[in-house]
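J.: Got a structure for you, questions after.
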Amino acid sequence: MKRAAAIRWLLIALLVALLELACSLRWIDPTAIIPPSAMLMGAMKIVLIGEWQRAIVETLTTVAIAVALSSAVGLLLGWALTRAPRLRRAVDPLLASWYAIPTFVFYPLFIVLFGLGRWPLVAIGFLFAVVAMTLSTIQGIERVPRTLLRAAQAMRLTRTQTALRVVLPSAAPWLFAGLKLVVAYAFIGVVAGEFILANEGFGHRIAFAYNNFDNRAMYGAILLLLVFVATLNASLAGWEKRLLRRRGLR
């Protein structure tokens with residue numbers, strides 16, 4: 001794992017160095033892509049500017065709400081579908097083709113239902129993310145060893161005890177995989193919604209910089225967003241490894 005991580009960081013450093021060189025030698029049009037060093041300076045400036053700070057807080061709050069709702073509803077929906085095979089077979093085609101549906105077409109409906117502001121974006125982030133958690137929950141529950149379930153029956157555990165002590169710990173790898181997808185999809189839905197539809201938030205600030213040809217602010221914001229999401233996913237992966245190691249699953 002350490003070797004793989006070292007190779008990964010080496011490849012990233014090599015790509016950054018090549019992009020810096022290409023931009024410095026004008027192999028790439030500076031109006032299209034700026035050097036990574038300029039992106040870094042733009043990201044550092046964004047962190048210090050009050051307007052961007054408010055936009056960051058707005059977006060993170062919206063994403064956090066979408067992640068919480070998607071995780072809870074996806075977990076419950078996935079559990080319910082494993083308990084109702086006929087319903088599962090009925091909704092399988094919808095779940096399989098969910099991401100082919102253009103979610104943004106529902107935005108006018110969300111405005112009618114929730115009004116302007118944060119909640120239509122929460123709804124978009126929720127729709128992007130909830131199916132990922134639902135599918136991961138289904139896969140995790142279906143892969144719980146039958147011997148564990150029979151042992152739970154032999155010990156006369158209740159359904160709640162079986163769920164908390166047997167099913168959820170055994171399904172933990174798939175649930176964590178679903179949570180990481182939920183975070184990624186929620187960010188995609190919320191930031192893309194802000195970029196196209198909103199008048200506030202991090203995505204809106206990126207769109208504003210793009211429309212005003214402020215490449216340093218635009219690429220700095222994109223870099224900041226990538227680093228934050230990658231760090232968050234790495235933290236979730238580390239938490240997952242520690243939990244599974246503690247339970248003897250890895």
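Numbering-wise (the UniProt record's numbering), the sequence shown opens with residue 1 and increments by one.
Idealized CB from N, CA, C, for every residue including glycine.
#1: How many angstroms separate the CA atom of S71 from the CA atom of L179?
#2: Would a C-beta distance cut-off of 8 Å place G74 and I141 closer than the cut-off?
#3: Compare the C-alpha of F126 against each of W27, R3, V182 and L149 and name the closest.
#4: With a cut-off of 8 Å, do at least 3 Cβ pairs link the stretch 36 to 47 to the stretch 12 to 27?
#5: Going along the chain, which residues of its own chain have a beta-carbon closer than 8 Å to the beta-carbon of F195, five neighbours each way excluded?
#6: Should Y219 be labelled buried (16 or more other beta-carbon atoms within 10 Å of its own) or exposed?
#7: If you scan the stretch 29 to 61 from start to end, which runs of the alpha helix (DSSP H) of 4 or more residues do you find wholly inside it?
#8: In angstroms, rounded to a whole number, what distance separates the CA positions of L11 and W27?
#9: With N212 as the anchor, note down where its alpha helix (DSSP H) starts and where it stops.
#10: Below 8 Å, can you find three or more Cβ-Cβ pairs linking the stretch 211 to 230 to the stretch 39 to 46?
#11: Check each candidate in A100, F104, Q139 and V131 and name the one with the smallest Cα separation from R83.
#12: Check the C-beta distance from L244 over to P173 and give it rounded, since I have them as a contact under 8 Å.
#13: My assumption, with CB atoms under 8 Å, is that V67 sits in contact with A129. Please give the rounded CB distance.
T.: From the atom records:
#1: S71 and L179: Cα-Cα distance of roughly 7 Å.
#2: No; because the gap between Cβ atoms is not below 8 Å, this pair is not in contact.
#3: The option with the nearest alpha carbon to F126 is V182.
#4: Three or more beta-carbon pairs drawn from the stretch 36 to 47 and the stretch 12 to 27 are found closer than 8 Å, and the two stretches are therefore classed as touching.
#5: If you ignore the 5 residues before and after F195, its C-beta comes within less than 8 Å of the C-beta of G203, H204, I206 and A207, all in its own chain and listed in chain order.
#6: Flag for Y219 reads buried.
#7: The qualifying runs are 36 to 48.
#8: Each residue's alpha carbon lies about 21 Å from the other.
#9: Careful: N212 lies outside any alpha helix (DSSP H) and carries neither H nor E.
#10: Per the Cβ contact rule, the stretch 211 to 230 is in contact with the stretch 39 to 46 (3 or more Cβ pairs under 8 Å).
#11: With respect to the C-alpha of R83, the residue from A100, F104, Q139 and V131 having the closest C-alpha is Q139.
#12: About 7 Å; that satisfies the 8 Å criterion.
#13: Contact flag correct, Cβ pair sits at about 7 Å.
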